[in-house]
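With our numbering, you'll find the sequence shown wraps up at 168, consecutive numbering, no jumps. A short worksheet on the structure shown next.
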Amino acid sequence: MFTRINDFVQEFEMESAITERVLDSLTDESLTQIVSDNQRTLGQIAWHLVTSINFLTYLGLSYDESLAEENAPASAAKIASEYHRLGQSMMRAMRSQWTDDSLGQLVNVAGEEWQNGASLRYSLRHEIHHRGQMTVLMRQAGLRVPYVLGPTREDWIEKGLEPYA
């Protein structure tokens with residue numbers, strides 16, 4: 004659980020930079036990549052990350068920009084730009100509307116009482132989870148996966164090293 008706004012901001016900035024690298028690697032064609040029937044596509048998962056930023060409005064934050072629309076666009080560039088836009092709006096809202104004490108406040112989330120700091124922790128874990136799903140679908144779509152938490156197979160090869168199996 005986060006107890007200080009600055010701790011969350013630092014963590015979010017680090018994680019969102021990684022997510023932005025992943026989103027920037029998508030192509031319009033890759034957005035239709037699917038694991039199996041009746042599952043989300045790569046584009047729908049990417050858009051889910053964008054719309055998930057809206058979640059913090061349920062905790063009482065008011066953004067200074069419009070929220071993401073419900074339906075995913077067919078443009079990878081639009082998805083990436085909306086993620087960045089909303090992430091920045093969320094940061095401005097948090098810095099201007101909350102204090103460290105706000106992170107201890109209880110809010111009803113899906114019928115349970117959660118502290119805002121715990122909700123922030125959950126939101127980051129949620130993003131990391133879906134970002135991992137996206138990298139698998141990116142490989143299936145023939146895209147190069149960017150550096151996430153370490154060198155990729157392609158990075159090792161470009162360095163003249165043998166990638167791990």
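Even glycine gets a Cβ: it sits at the ideal position worked out from N, Cα and C.
DSSP three-state label for residue i, please.
i	result
Q118	strand
N111	strand
H44	The amino acid occupying residue 44 in the given sequence is Thr; His does not appear at that position. It is a strand residue.
T6	coil
G135	helix
T102	coil
A144	coil
V151	coil
E130	helix
Y125	helix
E16	helix
Based on Cα-Cα distance, which residue from the options lies nearest to residue i?
i	options	result
Q91	V12, R7, F5 and T6	V12
N2	S55, Y61 and E68	Since the first residue shown for the chain is 4 and the last is 168, residue 2 is missing from the structure and cannot be characterised.
F58	R43, Q47, Y125 and M17	Y125
F48	L164, W159 and T138	Note that residue 48 is Ile in the sequence shown here, rather than Phe. Nearest C-alpha to I48: T138.
Y61	L123, L26 and E165	L123
Y66	R98, I37, M141 and T35	R98
E14	P154, V53, L127 and Q108	L127
R7	G63, Q108 and Q36	Q108
L45	G63, V25 and L64	V25
D104	S84, L70, A121 and P154	A121
L64	Q36, V53 and W101	W101
E68	L89, L152 and L52	L89
A83	I37, D27, R147 and E115	D27
R95	N9, M4 and V53	N9
S39	L152, Q143, Y167 and E157	Q143
M4	K162, L106 and N41	L106
Applying the criterion that 16 or more other CB atoms from any shown protein chain within 10 Å of the CB defines a buried residue, is residue i buried or exposed?
i	result
G145	exposed
Y150	exposed
M93	buried
N119	buried
E72	exposed
L164	exposed
Y86	buried
M141	buried
E130	buried
Q36	buried
L152	exposed
So that I know if they touch, is there some Cβ in chain D lying closer than 9 Å to that of residue i?
i	result
Q42	Absence of chain D from the displayed structure is noted, only one protein chain being present.
If we count Cβ pairs, one from each stretch, closer than 8 Å, do we get three or more for the region 18-28 versus the region 134-141?
Counting Cβ pairs under 8 Å, three or more are found: they touch.
Is it true that the region 30-47 meets the region 69-84, where meeting means three or more beta-carbon pairs spaced less than 8 Å apart?
Result yes; three or more Cβ-Cβ pairs closer than 8 Å.
Jot down the residue ranges of each uninterrupted beta strand (DSSP E) in the region 26-98, minimum 3 residues, whole runs only, in chain order.
List check, beta strand (DSSP E) in window: nothing returned.
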